[in-house]
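Okay, so the sequence shown: first residue is 53 according to the numbering used here, each after it adds one.
In what follows, a structure is listed as structure tokens, so that the remarks can point back to it.
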Amino acid sequence: MRVRRGLLRLPRRSLLAALFFFSLSSSLLYFVYVAPGIVNTYLFMMQAQGILIRDNMRTIGAQVYEQVVRSAYAKRNSSVNDSDYPLDLNHSETFLQTTTFLPEDFTYFANHTCPERLPSMKGPIDINMSEIAMDDIHEIFSKDPAIKLGGHWKPSDCMPRWKVAILIPFRNRHEHLPVLLRHLIPMLQRQRLWFAFYVVEQVGTQPFNRAMLFNVGFQEAMKDLDWDCLIFHDVDHIPESDRNYYGCGQMPRHFATKLDKYMYLLPYTEFFGGVSGLTVEQFRKINGFPNAFWGWGGEDDDLWNRVQNAGYSVSRPEGDTGKYKSIPHHHRGEVQFLGRYALLRKSKERQGLDGLNNLNYFANITYDALYKNITVNLTPELAQLAPIRTEDFYISSLIWLANAGTPLKTQGKWKNVPSQIAVTLEGRGCRACHLQNEPVQSVTGS
């Protein structure tokens, strides 16, 4: 009987252990789901540390290799002459070209375009992360008559190089917005940019849709002015250098490359979060942000894919210019969007169907002294992808790729396009499907 009791105890202990580990893993998974910001902060830190260690090992290895080669070369040639190793093996990836800023006595001319490297841009900013009431911010900037209703400002001593719309997605961050404005307004004034702020606020019960808010903000901003540069700015990101110039360029720009909560390391190469900028032309070409990402995560990665699919590369500020501080949160963030990986796998196919071209919304507009508030109640029904047949989906994707600059014809013949699809494409007038200066020809076979 004693042997039997011993045998019975073992399964019972195993069962209790299994229940304990199941309970623990379930609790961890639930925490990851409901508090993704905390979890992903640590995950990104570990990922960035891994990248840093890898890069350091690569640099050390290259330096050791260079010393070995130099020593061998010097030893072999010491009896012939005293020449040093003739090749410069500079493997350092941290070398930065010095950037010259204009002198303090630079003279502005009202009919000249404002330079990008102004003497007023000193570099490091004095960061004050303490909370401040919006009324106090109003009091501070009410003394500047050049700031118009809605936060519009432009320089008077030179012609602004860029007209910049700052789009800020917003929900329940009332303690963050005044801190951001306290730092951004003086910085943008020192950069001599024409700018205005658009706070796009989501109400209702649906999960936060940061990307769709950016699309709404873009549509509303373009009703006010013919902006040519768009800055997509998280409300809790504070730039640490005013030399992080908030203008646009020939390629999309990622400004927030070094965030303090990630130990000032880029979490991964494709990271495109926090603060990014595109020209209006670039944003329209990529069909804006996706509308299908509800909850935390994925929309920035999809934006990176859209930029790459359209033939762009991403530029980043040099050195420490891209440093940002993150305002501490007093509340739990949005829940994880568990479907983001499935959407990212189909990013290229969805790009022509989900974005600016399927966006619908109803906005309530109010004006603050320092920004325009755009309030929307977003639901998935406002950005539905209409049920389409596989053939229609394929055709729409091909047309979008063609308009994005991917030629589908070479010497009058379609490339990897079935004949029945080719006939439909020509029937729909896909003008961009053929190479430049090449006439569209009817095709009966691929």
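From the three backbone atoms N, C-alpha and C, an ideal C-beta is built for every residue, glycine too.
The C-alpha of Phe193 lies about 16 Å from the C-alpha of Trp246.
Pairing Ala273 with Asn343 gives a Cβ-Cβ distance that is not under 7 Å. Taken through DSSP and simplified to helix, strand or coil, Phe266 comes out as helix. A contact between stretches requires three or more CB pairs, one per stretch, nearer than 8 Å, and the region 403-415 fails this requirement with the region 195-210. Per DSSP, reduced to three states, the secondary structure at Gly371 is helical. The C-beta separation of Leu396 from Asp353 comes to about 6 Å, placing the pair in contact by the 8 Å criterion. The beta carbon of Gly256 sits closer than 6 Å to those of Asn429, all from its chain and outside the five residues before and after it, given in chain order. For Phe323, the closest C-alpha among the options Trp214, Pro380 and Leu355 is that of Leu355.
The beta-bridge partner set that DSSP reports for Trp246 consists of Lys215.
According to the DSSP assignment, Ser328 belongs to the beta strand (DSSP E) that extends over Val327 to Thr331.
When C-alpha distances from Cys281 are compared across Ala263, Gly329, Glu253 and Leu170, the shortest belongs to Gly329. The way I'd put it, the region 285-304 does touch the region 211-222; three or more beta-carbon pairs between them come closer than 8 Å. With respect to the 7 Å criterion, Leu437 and Asn267 are not classified as neighbours on the basis of their beta carbons. Here the alpha carbons of Ser378 and Tyr393 stand approximately 26 Å from one another.
Secondary structure at His306: strand, using DSSP grouped into helix, strand and coil. Contact between Val231 and Ile177 does not hold, since their C-beta atoms are separated by about 13 Å, which reaches or exceeds 8 Å.
For Leu282, the enclosing beta strand (DSSP E) begins and ends at Cys281 to His285.
Nearest C-alpha to Tyr376 among Trp279, Cys166, Asp286 and Ala162: Asp286. Residue pairing by DSSP places Pro176 opposite Ser293 in a beta bridge. Look at His235 here: in three-state DSSP terms it is helix.
Taking one beta carbon from each stretch, the region 408-420 and the region 357-373 have fewer than 3 pairs nearer than 8 Å; the two do not touch. Of the candidates Val252, Gly340, Leu240 and Phe341, the residue whose Cα lies closest to the Cα of Ser293 is Leu240. Counting along the chain, the unbroken beta strand (DSSP E) around Val428 starts and ends at Lys424 to Asn429.
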